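Reading the sequence shown from the start, the letters are residues -11 to 92 in our numbering.
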Amino acid sequence: KEKERDEAREEKEKKKEAMAMAKALEREREREKEEEKEKAREEKERAKEVKRAAKALEREREKAEADNGKQKAEGEVQGSGERGVGEEKERKKEKKERKEKKER
């Protein structure tokens, strides 16, 4: 009888340990699944951010092109055409010199 009780107790403990192991494995799988979901969520959010940034850059580029086109059109209307960088600096320098002469 004593031997049977010991065997039954051992069997019960083994079952208990097996259940605990199974539960631990299940929790681990659930945790890994949640991590994968979170990674996917973060990746999706990053993709959205990249897309938003690309759209914003595209809008900026289009706005700059529109502004540049407007400036060209205004320059043509005024008859000045486009000035080169050197010409623009020279014009500013002359304007500054005229202003300084007036002040003197």
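Yeah, the Cβ is synthetic: ideal placement off N, Cα and C, and Gly gets one too. No experiment lies behind these values; they were computed from the predicted model shown.
Between the C-alpha atoms of Lys87 and Asn56 there is a straight-line separation of about 29 Å. Take Lys51, set aside five residues on each side of it, and no residue of its chain has a beta-carbon closer than 6 Å to its own. In this structure, DSSP gives Lys(-11) a state outside helix and strand, which the three-state scheme calls coil. In this structure, DSSP gives Arg92 a state outside helix and strand, which the three-state scheme calls coil.
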